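Enquirer:
Numbering (the numbering used here), first residue to last: 1 to 590.
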């Protein structure tokens with residue numbers, strides 16, 4: 001009877017978990033996922049390379065616009081191409097791998113926190129609160145929402161890497177059986193993984209490498225290695241991981257493609273991928289993406305807002321300086337410590353790297369969510385009373401950060417730079433309801449936090465933060481996506497659809513001024529990009545384009561007019577937004 005009651009309680013708990021996780025992930029990652037077109041300039045590069053794979057059947061070498069694209073390994077292209085084969089090439093299927101990855105990572109984080117959150121002495125309320133709050137913290141932050149809705153490789157890498165680290169921890173904790181640990185370890189085969197979780201860790205590490213290269217194993221190895229050395233379990237962990245079989249499985253999954261692509265492309269691939277896109281990105285500035293050493297502090301403050309106000313106290317809550325204390329804890333109680341090493345290793349690695357981009361620290365977001373969730377489940381479930389100074393300071397910082405977000409929305413729109421693809425964008429955004437709604441949400445949220453602190457109702461700190469971020473996503477971020485798409489991307493999509501209808505066999509397609517990869521994807525044909533008309537005319541003069549030449553040209557109206565002035569015949573077909581489409585004919589060299 002007790003077993004039945006326990007089973008019913010477990011099913012009820014996981015039903016509640018589903019009722020929480022489905023709308024959470026639905027709002028953050030899935031709602032209106034495909035309602036906007038591809039966003040220039042990075043997303044269409046991935047989309048077109050995947051479309052080429054699906055169209056040509058070449059699953060080894062990625063191509064974009066007739067040239068090889070060696071930026072990333074193939075996993076994200078494979079997944080997109082499979083989606084295109086099933087549902088057709090469009091924005092939704094392009095973003096499908098990212099949305100699925102974010103959902104899986106959030107769900108896995110919920111599971112691990114529910115199972116191991118707050119240690120062995122935690123109450124059932126604390127475990128479920130850690131799981132609910134942690135999953136919300138993982139999902140509802142700017143970095144996760146933005147990259148879960150982008151058809152690029154960053155979210156897939158974060159999910160594979162995060163899944164590998166979470167699998168490692170579950171496998172590590174599952175090997176703890178109490179007093180007979182040493183006997184069990186002696187009787188365990190050292191050459192193969194000790195359990196299925198460790199095997200899953202190896203598989204996910206391989207997928208991370210197939211997503212973005214060596215960083216997919218270097219960073220998890222750094223996290224696991226420093227954690228193992230700190231707790232003094234490195235020999236046991238090395239044996240439990242089963243390096244001979246696990247490492248062999250990893251190599252079996254990763255090496256064949258790297259061999260195949262190297263055989264197909266030779267030295268060009270090795271120098272481009274391993275040299276330029278990995279080594280040089282770490283040691284030198286690439287594509288102008290350098291930033292000062294404190295860059296990721298700012299990214300984390302804004303990207304994990306408003307919960308970033310609690311990160312300092314959550315990190316301090318681990319008390320990593322108490323090494324002997326942590327060594328005495330059972331394995332399952334070390335989740336907070338493991339998340340600490342996860343967070344710190346990734347943050348330091350990318351802070352040292354010369355090339356810096358906001359998306360690089362996306363893989364530490366699950367660790368940040370876990371740290372804040374463990375602190376919250378421990379502190380915010382305490383009865384009302386005199387709070388610790390750290391809680392009051394963090395709560396006050398939380399309210400101040402919300403006010404800064406309200407000001408930042410208005411100020412950011414005023415400081416928005418000129419975009420030649422949408423010249424009136426800044427003015428239109430300021431005239432919309434987006435800044436008013438966004439500012440109102442954060443001002444009201446800050447007032448709510450102040451009331452909670454005044455009333456000493458600590459538990460309500462986390463619902464107030466989660467609700468504010470959910471409202472911000474639903475009423476500001478998603479409408480902003482629609483607004484930006486209509487102003488910046490839709491005119492180009494409309495012209496691409498028009499030129500597909502009117503293009504004749506033998507027509508070339510040129511784009512002047514703007515270099516927008518989405519045109520290649522939507523036009524389903526190669527595009528010749530020229531920055532200025534004189535560059536295009538010089539190419540004709542050199543004989544790069546055989547005469548007579550008939551082409552469709554898209555670009556800024558002035559640059560199209562300059563090209564028309566040098567042509568023998570031309571015709572303006574349509575204007576959309578900042579773009580003009582024209583047919584231009586050259587019968588002799590200009």
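Built from N, CA and C at the ideal position, the CB exists for glycine as well. As the structure is a prediction and not an experimental result, all values here were calculated from the model.
Give me the residue from 452, 321, 76, 145 with the minimum Cα distance to residue 212.
Expert: For residue 212, the nearest C-alpha among the options comes from 76.
Enquirer: If you draw a straight line from the alpha carbon of residue 53 to that of residue 439, how long is it in whole angstroms?
Expert: Looking at the two C-alpha atoms, the distance is approximately 44 angstroms.
Enquirer: Whose CA, out of 414, 410, 346, 369, lies closest to the CA of residue 361?
Expert: When only C-alpha atoms are compared, the closest one is 346.
Enquirer: Tell me, please, which residues DSSP counts as bridged to residue 107.
Expert: In DSSP, residue 107 forms no bridge with anything.
Enquirer: Tell whether a beta-carbon distance below 8 angstroms holds between residue 517 and residue 89.
Expert: No; because the gap between Cβ atoms is not below 8 angstroms, this pair is not in contact.
Enquirer: Could you tell me how far apart the beta carbons of residue 116 and residue 173 are, in whole angstroms, since I believe they sit closer than 8 angstroms?
Expert: The pair is a contact, with the Cβ atoms about 6 angstroms apart (cut-off 8 angstroms).
Enquirer: Under a three-way DSSP split, which group does residue 575 fall into?
Expert: Reduced to three states, the DSSP call for residue 575 is strand.
Enquirer: Can you tell me the Cα-Cα spacing of residue 368 and residue 533, whole angstroms?
Expert: If I take the Cα positions, the gap works out to 49 angstroms.
Enquirer: By the three-class DSSP mapping on this structure, what secondary structure does residue 416 have?
Expert: Note: residue 416 maps to coil in three-state DSSP.
Enquirer: Look at residue 364 and residue 343 and say whether their C-beta atoms are less than 8 angstroms apart.
Expert: Cβ atoms of residue 364 and residue 343: closer than 8 angstroms.
Enquirer: Quick one: complete alpha helix (DSSP H) runs, 4+ long, within the stretch 320 to 401?
Expert: Fully enclosed alpha helix (DSSP H) runs of 4 or longer: 323 to 328, 335 to 352, 365 to 379.
Enquirer: From what residue to what residue does the alpha helix (DSSP H) around residue 529 run?
Expert: Careful: residue 529 lies outside any alpha helix (DSSP H), inside the beta strand (DSSP E) at 528 to 530.
Enquirer: Does the stretch 491 to 502 touch the stretch 570 to 580, meaning 3 or more C-beta pairs lie closer than 8 angstroms?
Expert: Short answer: they touch.
Enquirer: Grouping DSSP H, G and I as helix and E and B as strand, with all else coil, what is residue 522?
Expert: Note: residue 522 maps to helix in three-state DSSP.
Enquirer: Would you report the Cα separation of residue 429 and residue 41, rounded to the nearest angstrom?
Expert: Each residue's Cα considered, the two are about 21 angstroms apart.
Enquirer: Tell me whether residue 63 sits in a helix, a strand or coil according to DSSP, three-state version.
Expert: Strand.
Enquirer: Run the CB neighbour count on residue 16, radius 10 Å, all protein chains shown included, and call it buried at 16 or more, exposed below.
Expert: So residue 16 ends up on the exposed side.
Enquirer: Hey, how far is the Cα of residue 489 from the Cα of residue 37?
Expert: Approximately 7 angstroms between the Cα atoms of the pair.
Enquirer: In whole angstroms, what is the alpha-carbon distance linking residue 486 and residue 432?
Expert: Each residue's Cα considered, the two are about 13 angstroms apart.
Enquirer: For the alpha helix (DSSP H) holding residue 495, just list the boundary residues, first then last.
Expert: Residues 490 to 502.
Enquirer: So residue 401 and residue 316 are in contact, right, with Cβ under 8 angstroms, and what is the actual spacing, rounded?
Expert: Contact doesn't hold; Cβ gap of about 18 angstroms is too wide.
Enquirer: May I ask you to list the residues that DSSP assigns as paired with residue 437?
Expert: BP columns for residue 437 are empty, so no partner.
Enquirer: Helix, strand or coil: how does DSSP classify residue 192 here?
Expert: Three-state DSSP puts residue 192 in coil, outside helix and strand.
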